[in-house]
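Number of protein chains: 4
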Amino acid sequence: MRYRIVAGSNVPIFRQIADQIGRAVATGDLKIGDSVPSVRQLARDLVINPNTVAKAYSDLVASGVLENQPGRGYFINKRRQVFTKTERLRRLDETIDLLISQSVALDFSASEVLDRVKELFTQKLSVAPE
Amino acid sequence: MRYRIVAGSNVPIFRQIADQIGRAVATGDLKIGDSVPSVRQLARDLVINPNTVAKAYSDLVASGVLENQPGRGYFINKRRQVFTKTERLRRLDETIDLLISQSVALDFSASEVLDRVKELFTQKLSVAPE
Amino acid sequence: MRYRIVAGSNVPIFRQIADQIGRAVATGDLKIGDSVPSVRQLARDLVINPNTVAKAYSDLVASGVLENQPGRGYFINKRRQVFTKTERLRRLDETIDLLISQSVALDFSASEVLDRVKELFTQKLSVAPE
Amino acid sequence: MRYRIVAGSNVPIFRQIADQIGRAVATGDLKIGDSVPSVRQLARDLVINPNTVAKAYSDLVASGVLENQPGRGYFINKRRQVFTKTERLRRLDETIDLLISQSVALDFSASEVLDRVKELFTQKLSVAPE
DNA sequence: GTGGTCTAGACCACA
DNA sequence: GTGGTCTAGACCACC
């Protein structure tokens, strides 16, 4: 699996990494027990600070996606929900609120936004990462 | 019109204010030529620093929602398109990308997210609060 | 590149900074991807408050000249048209109106003003300072 | 002579008034010894604060355009230069600098700006105010 | 190290 | 009364 980061993005690098791993798990590209690159290896590959990779991994451990086997590395954990349904929805709603505000500010109609959301969702999620 | 802010939120206060005004304009609660509260008045009401209100207002001036009449206050501007279509789409996409990342991270499916987006859009934009 | 500010001027410091960067981009002294000094560094150099520099930079982000990579700094953005033609013209006209008022008040003739505008344009934009 | 002010403009109201009188003198619509409306009368006509008119008039007295005959009103003074040539040019240059910065920021070429300046100058100055 | 947000408070221009 | 600019300094997130 290839990892990629977009430097100019507003999405923090650590989250880009976490998202890619999360997505790979969701699509089945990474299965339970699979290993992810070492912190230092991935930092070298992406030419970023190892702390940034470490932060991504530790967030994924906190959310139950990865587990750490000291001295061996990080591995995909068996999937479990760590957030309650309510909590997950609360966090999703927060981002959707942002989208709505932005849409209003940019004078897009609800249907324009919905179409674009659909479009980008298909584009980003149907194509499996390399 | 009543303004409200949530203190502990991840959304900065100045954006909460700008969002509320943006939405009020979108729903017609605020009309062209209407005045918004003075910087100091709103700051007193919300018990926040006037600079924070000023930042919200000046962002709205930059995006063409408000206009400023020096010494008199801020007023709802006639609606006009300030940004190019490309720019508007670029900004919208940026926010949608954030939503997609978030959805993946929270393990929501595309259709779950779409439904929720639809729901919140109707809720926030058609029904006037209070 | 050297940055300079004039303390006693009518032009606010944050605009002097933004103007200098805007001009450097126009003359090619700053190219796409170049970084500008960090907020704190420039504030130290010019012996002003970091917030003042931050305001200049964030204005330039709003107008598409700079982009911000969180935690890394500000960089010259690829040039793109952010505002609609109408909006650009509206803003230009606003400044020209100011010039006309000023000219009348100072009792300059239209041709005197035009000659001076031509002169300063060449002076400031073709010859790179220092 | 009719006086007009544009409320939504960035040009302060007191300066709009001063400019109109200055312009009328320049075009010959107001001659030496002519009276201008009383402070209160003009304030009523324009529906603005009398202080604002008073400020415009006192600026014009300071710059030698008007003279005040206490108890009788304000009159057009015999024209004299109060600013030195250098001082007038310095003030003009300041505004032109602003125009140049704005042009750069809005990505207009020097020739586009010059054409527009010519156009607006003709438009605003050739048509005599009612 | 970087920037982002917010507060408190000063001084000035404009109506 | 209104907003605009600037300073000083705190706390936070991200690299």
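Chains as they are written, first to last, in the working numbering: chain U, 1369 to 1498; chain W, 1369 to 1498; chain E, 1369 to 1498; chain A, 1369 to 1498. Beta carbons are placed, not taken as given, at the ideal position from N, Cα and C, and that holds for glycine. Every value quoted in this text rests on a predicted model; they were computed, and no experiment measured them.
Asked                                                                                                                                                                           : Found
Using a C-beta cutoff of 8 Å, does Arg1370(U) count as contacting chain W?                                                                                                      : no
Taking the alpha-carbon positions, what's the Ile1381(A) to Gly1401(A) distance?                                                                                                : 24 Å
Do Asp1413(A) and Tyr1442(A) have their C-beta atoms closer together than 8 Å?                                                                                                  : no
Measuring CB atoms only, is the segment 1450-1467 of chain U touching the segment 1455-1474 of chain W, in the sense that at least three cross pairs come out at less than 8 Å? : yes
Based on the DSSP secondary-structure assignment, which residues constitute the bridge partners of Ile1400(U)?                                                                  : According to DSSP, Ile1400(U) bridges with nothing at all.
List, in order along the chain, the chain E residues whose C-beta lies closer than 9 Å to that of Asp1397(A)?                                                                   : Result: empty, since nearest Cβ-Cβ is about 13 Å, beyond 9 Å.
Let me confirm a value: Asp1483(U) is counted as buried when at least 16 other C-beta atoms fall within 10 Å, else exposed. Which label applies?                                : exposed
For Tyr1425(U), report the span of its alpha helix (DSSP H) as first-last.                                                                                                      : 1418-1430
For Ala1501(A) versus Ala1424(A), is the C-beta distance shorter than 8 Å?                                                                                                      : This structure cannot speak to residue 1501(A), because chain A is shown only from 1369 to 1498.
On the three-state DSSP scale, how would you describe Ile1468(A)?                                                                                                               : helix
What are the start and end residues of the alpha helix (DSSP H) that includes Phe1382(A)?                                                                                       : 1381-1395
Classify Arg1448(E) as buried or exposed, calling it buried when 16 or more other Cβ atoms lie within 10 Å of its own Cβ.                                                       : exposed
Using beta carbons (cut-off 8 Å, strictly below), is Phe1451(W) in contact with chain E?                                                                                        : yes
Return the residues of the segment 1412-1425 of chain W that lie within a Cβ-Cβ distance of less than 7 Å from chain E, sorted by chain order.                                  : none
Flag this pair as yes or no: are the beta carbons of Asn1445(E) and Glu1435(E) separated by less than 8 Å?                                                                      : yes
Quick check on DSSP: helix, strand or coil for Leu1474(E)?                                                                                                                      : coil
With a threshold of 7 Å on Cβ separation, who are the neighbours of Ala1394(W) within its own chain once the five nearest residues in sequence on each side are excluded?       : Leu1493
Just confirm the distance between the C-beta atoms of Glu1421(W) and Gly1432(W), as a whole number of angstroms; I'd bet it's less than 8 Å.                                    : The question names Glu, yet the displayed sequence has Val at residue 1421(W). 19 Å between Cβ atoms; not a contact.
Could you give the first and the last residue of the continuous alpha helix (DSSP H) run that contains Gln1409(E)?                                                              : 1407-1414
Looking at chain W, is there any beta carbon in it that lies within less than 8 Å of the beta carbon of Gly1432(U)?                                                             : no
Should Leu1513(W) and Thr1452(U) be called a contact, given that it needs their Cβ atoms to be closer than 8 Å?                                                                 : It is not possible to answer for residue 1513(W), since the shown part of chain W is limited to 1369 through 1498.
Quick check on Gln1449(W): does DSSP put it in helix, strand or coil?                                                                                                           : coil
State the start and end residues of the unbroken beta strand (DSSP E) segment that holds Ile1444(U).                                                                            : 1441-1444
Below 7 Å on C-beta distance, what does Thr1463(E) contact in chain A?                                                                                                          : Leu1466, Leu1467, Gln1470
Measuring alpha carbon to alpha carbon, tell me which of Thr1454(U), Leu1410(U), Ile1416(U), Ser1406(U) ends up nearest Gln1437(U).                                             : Ser1406(U)
According to DSSP, simplified to helix, strand and coil, what is Asp1483(U)?                                                                                                    : helix
Buried or exposed: Gln1409(W), going by 16 or more other Cβ atoms within 10 Å of its Cβ?                                                                                        : exposed
In whole angstroms, what is the alpha-carbon distance linking Ala1478(W) and Val1429(E)?                                                                                        : 32 Å
Roughly how many angstroms lie between the CA atoms of Asn1378(A) and Val1379(U), to the nearest whole one?                                                                     : 37 Å
Based on the DSSP secondary-structure assignment, which residues constitute the bridge partners of Glu1435(U)?                                                                  : Phe1443(U)
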